[in-house]
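If you're matching them up, the sequences are chains A and B in order.
Going by this note's numbering, the first residue of the first sequence is number -5, and it counts up by one from there.
Going by this note's numbering, the first residue of the second sequence is number -5, and it counts up by one from there.
Just so you know, even glycine gets a beta-carbon here, dropped at the ideal spot from N, CA and C.
Given the structure is predicted, the values throughout are model-derived calculations rather than measurements.
Protein chains: 2
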Amino acid sequence: MARTDGAAIGGSRVTGRRQANLRTLADHLGLSVTTVSRALKDGPEVRPETIARVKEAAAELGYVPNVGGIHLRTGRTMKVCSILYAPEVGDYGDPGFLAQVESLSAGLEPSRYNLLMLAQTGGQTPLDAVRKVAEQQLADAVVFSRTTPLDERARYCLERDFPFVSFGRTELLTPHAFVDHDDEGAVVDAVARLAADGHRRIALINPAGTLTYLGYRLRGYQRGLAESDLPRDPALSLTADLSVRATREAARRLLSADRSVTAIICANQMSVVGVLEGLIACGIDTVRDGVTVVGFGGMPFRMLSDQRVVYYYQPQRRVGATLAHHTLALLAGEPAEGLTTVLPYERTDDLRRFRDDDSPMGAAV
Amino acid sequence: MARTDGAAIGGSRVTGRRQANLRTLADHLGLSVTTVSRALKDGPEVRPETIARVKEAAAELGYVPNVGGIHLRTGRTMKVCSILYAPEVGDYGDPGFLAQVESLSAGLEPSRYNLLMLAQTGGQTPLDAVRKVAEQQLADAVVFSRTTPLDERARYCLERDFPFVSFGRTELLTPHAFVDHDDEGAVVDAVARLAADGHRRIALINPAGTLTYLGYRLRGYQRGLAESDLPRDPALSLTADLSVRATREAARRLLSADRSVTAIICANQMSVVGVLEGLIACGIDTVRDGVTVVGFGGMPFRMLSDQRVVYYYQPQRRVGATLAHHTLALLAGEPAEGLTTVLPYERTDDLRRFRDDDSPMGAAV
DNA sequence: AGGGCGACCCGTAACGATACAGTCCAGATC
DNA sequence: GATCTGGACTGTATCGTTACGGGTCGCCCT
């Protein structure tokens, strides 16, 4: 039977001529499709000269491997999926996530992988989204954040040997690839320096929840206090949503009950703003009254008034780049053991560093 | 020849059993693969009872169409690609973009399409990214923003009949699907209301560039002035980058040269902050001195001090949802003519509306 | 009775890439 | 000279899906 449907199907609507495929190349070179296929992936059974000849022709004819064909034959999709968690309130989620995605996508650029984004919608659990990727074979690897110590997504992937890289550690026994920030180290550092500066009553704000990094923050806090011979006071370990409002109220409650507190370690950009608002509401000026606010997170918001803020900065782009690296390494067959990265925070005493670089993001206190 | 490679290939690593496919269903039902395929897409040649039977079995056996097979056979990838433009400075690009992506992805969820993200990296032009999508058949449709009147990406797609939806209008003669905000209408409204409140000297800040919306803003400004019988003064039409620094300086220059200005229409969240900073630097208090700042954009930053700000808000999620709708409609064969949406701005006189909903984003002036 | 006509279903050939089993031939080995 | 070896290639079947051209069968009409 003659081809009856080829003209309408599979042909590129983009270029006038059909997109070059292995057969095109093979015919053009007088080789078989098999040899061309092998040559393009540097198969050991093909002569070096032939390989060179094939690659040259491929470049010349603009050959691009057909992802559908590869998927069908090998099961590989040449996609990496990143899960997007919806902002809970308002239009903005984690604002640094965009930089992470951008650098992840850019990091995949030199490979033949592309980035798929899947939003965790409405009624879905975090596991649902990951399961969808695995079951529907949407991607060859998945990247997710907001890990918990016994993360069910990580367990799910480990059980079925589905490649993944998490942004955040877990406490699972099986090693897996991850990128994380050194929250414990940074909090230890913060406490130690505050203690060295004479602070005796140092508060820590954490949100409720079971995310792994919260444990690291708490451990860092306790270790820092112990190393500086400061007593632990449960009243100084606060739990509050990281919204401006909740952290403002938490700071206000803390300070109106106990004026001896001279330092507050916050958990993200928003809580810095909230705590500063809370301090102001209590009539406290950080500079005049010697109170230090310690912030953590991505690029901080602009601060107009010169309050005393020490900031531990997470370079978000490095996260994305490292996620990309680890993902590609996993997909290339490297064992997960070596693909574990704990990134240091960058400490700065002067938020004007961010202010004066024309941070497009900032608003001002 | 017997199958020799099937076990290792194409089988799902996820479930123990192989993933159900059309053949599985066909065997299970005693039908042919063809009929099953047709039944699943409600082909008119299949009896309704058979369709029901097939769909039931498909659900029971957890059939998921293999995207690779579809891609290979039909050329369709079942993907929609959104182009991500890298933030120019710092970690944050357009912060509302995340909400847009999230709602776009969520809007595609009920369909069988998934969202591909492609970052425009390093040396790439805007066209490069779109061309990559089309040439490499990465997706069946593309979504991009930052349109210009003679947008080359739109022209490229129109020429090759590649489906796309732009966020932003163009002035191309061929109609195409887009979503945009009504900048002209909103600026007209702003000017009219300012004039009604007695403002005679109203300034407008636009960034440099050729993006389409800038023209609409300018037209709205001129139309608004004309309708209120106010004279045009070129000195009141400012050009400045939308960074805090640049808009601060622009406002300062304007006000120190000419104290008669009583209203400034800004172009985005950042410029509101910058202009307010500029006013403060000139010793101007908006409330006391009767100066009005008009802001435009996504969710605004929190403002601590009670400055007089009128804000035209773009609901970002609606953009994403509409983009999803138009894309799916295009892919379903609807003509682009009807897929053009101009969304109204939501005006508010009181930014506390945003402040008190616990905007996770805000920082405070 | 038999021809015609729908309604409903099936068989086959692709789409592009790749795993695997051959094939072919020059050179080495006995 | 026959046999073996290994390097460099080719042929074929296959992944899951769908377009297309047939089939089959019951029913109606003349």
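Shorter than 8 Å from the beta carbon of residue i to some beta carbon of chain A?
| i | result |
| --- | --- |
| phenylalanine 290 of chain B | no |
| alanine 113 of chain B | yes |
| valine 58 of chain B | yes |
| proline 329 of chain B | no |
| arginine 341 of chain B | no |
If we cut at 8 Å on Cβ distances, does residue i have a partner in chain B?
| i | result |
| --- | --- |
| alanine 80 of chain A | yes |
| leucine 249 of chain A | no |
| leucine 232 of chain A | no |
| histidine 65 of chain A | yes |
| glycine 37 of chain A | no |
| valine 61 of chain A | yes |
| glutamate 54 of chain A | no |
| leucine 298 of chain A | Caution applies to leucine 298 of chain A, whose pLDDT of 48 falls short of 50 and renders its modelled position unreliable; the model cannot decide the point. |
Rounded to whole angstroms, what's the CA-CA distance from residue i to residue j? Just pull it up for me.
| i | j | result |
| --- | --- | --- |
| glutamate 328 of chain A | threonine 68 of chain A | 19 Å |
| threonine 364 of chain A | alanine 315 of chain A | Given that chain A is displayed from residue -5 to residue 359, the structure contains no residue 364 of chain A and the question cannot be resolved. |
| serine 6 of chain A | glutamate 129 of chain B | Since pLDDT at serine 6 of chain A reaches only 43, below the 50 mark, its modelled position is unreliable, and no value is offered. |
| valine 185 of chain A | leucine 324 of chain B | 57 Å |
| glycine 192 of chain A | leucine 224 of chain A | 11 Å |
| leucine 230 of chain B | aspartate 252 of chain B | 10 Å |
| arginine 140 of chain A | phenylalanine 172 of chain A | 12 Å |
| proline 169 of chain A | glycine 56 of chain A | 41 Å |
| aspartate 145 of chain B | aspartate 145 of chain A | 46 Å |
| glycine 162 of chain B | proline 143 of chain B | 9 Å |
| aspartate 283 of chain B | aspartate 344 of chain B | 18 Å |
| arginine 106 of chain B | lysine 73 of chain B | 8 Å |
| arginine 187 of chain A | threonine 256 of chain A | 13 Å |
| proline 42 of chain A | leucine 23 of chain B | 52 Å |
| valine 127 of chain B | glycine 203 of chain A | 40 Å |
| glycine 117 of chain A | alanine 80 of chain A | 11 Å |
| tyrosine 339 of chain B | alanine 189 of chain B | 19 Å |
| arginine 194 of chain A | leucine 166 of chain A | 36 Å |
| leucine 236 of chain B | valine 267 of chain B | 10 Å |
| valine 83 of chain B | threonine 115 of chain B | The predicted model places valine 83 of chain B with a pLDDT of 48, which falls under 50 and marks its position as unreliable, so this point remains unresolved. |
Suppose contacts are defined by Cβ-Cβ distances below 8 Å. Is residue i in contact with residue j by that definition?
| i | j | result |
| --- | --- | --- |
| arginine 394 of chain A | alanine 93 of chain A | As shown, chain A starts at -5 and ends at 359. That puts residue 394 of chain A outside it, with no answer to give. |
| alanine 52 of chain A | leucine 78 of chain A | no |
| valine 304 of chain B | isoleucine 258 of chain B | no |
| aspartate 134 of chain B | threonine 44 of chain B | no |
| alanine 113 of chain A | serine 99 of chain B | yes |
| leucine 337 of chain A | aspartate 176 of chain A | yes |
| proline 309 of chain A | glutamine 263 of chain A | no |
| valine 95 of chain B | serine 76 of chain B | yes |
| phenylalanine 138 of chain B | arginine 147 of chain B | yes |
| isoleucine 278 of chain A | leucine 249 of chain A | yes |
| arginine 32 of chain B | glutamate 39 of chain B | yes |
Please determine, among the options, the residue with the shortest C-alpha to C-alpha distance to residue i.
| i | options | result |
| --- | --- | --- |
| glycine 179 of chain A | A/Glu221, A/Arg47, A/Asp283 | A/Glu221 |
| arginine 125 of chain A | A/Thr233, A/Leu152, A/Asp279 | A/Leu152 |
| cysteine 276 of chain A | A/His22, A/Gln263, A/Arg246, A/Asp283 | A/Arg246 |
| glutamate 271 of chain B | B/Pro294, B/Ala240, B/Gly292 | B/Ala240 |
| alanine 14 of chain B | B/Lys49, B/Val58, B/Glu50 | B/Val58 |
| aspartate 227 of chain B | B/Ser26, B/Ile196, B/Ala234, B/Gln118 | B/Ile196 |
| tyrosine 307 of chain A | A/Gln301, A/Ser237, A/Gly289, A/Leu249 | A/Gly289 |
| alanine 318 of chain B | B/Asn108, B/Leu25, B/Arg17 | B/Asn108 |
| glycine 63 of chain A | B/Pro104, B/Arg17, B/Gln131 | B/Gln131 |
| leucine 198 of chain B | B/Val269, B/Asp174, B/Asp21, B/Lys49 | B/Val269 |
| glycine 291 of chain B | B/Thr115, B/Thr280, B/Phe91 | B/Phe91 |
| glycine 332 of chain A | A/Leu25, A/Arg302, A/Thr28, A/Val159 | A/Val159 |
Give me the subset of the region 90 to 110 of chain B whose CB atoms are less than 7 Å from a CB atom of chain A, sorted by chain position. If the cut-off is 7 Å between Cβ atoms, the region 90 to 110 of chain B has Gly90, Phe91, Leu92, Ala93, Val95, Glu96, Ser99, Ala100, Glu103, Asn108, Leu109, Leu110 near chain A.
Taking any Cβ of chain A, which residues in the region 191 to 222 of chain B have a Cβ under 7 Å from it, in chain order? none
Report the residues of the region 118 to 129 of chain A with a CB closer than 8 Å to any CB of chain B, ordered along the chain. Ala128, Glu129
Of the residues that make up the region 127 to 155 of chain A, which ones have a beta carbon closer than 8 Å to any beta carbon in chain B? Ala128, Glu129, Gln130, Gln131, Leu132, Arg154, Asp155
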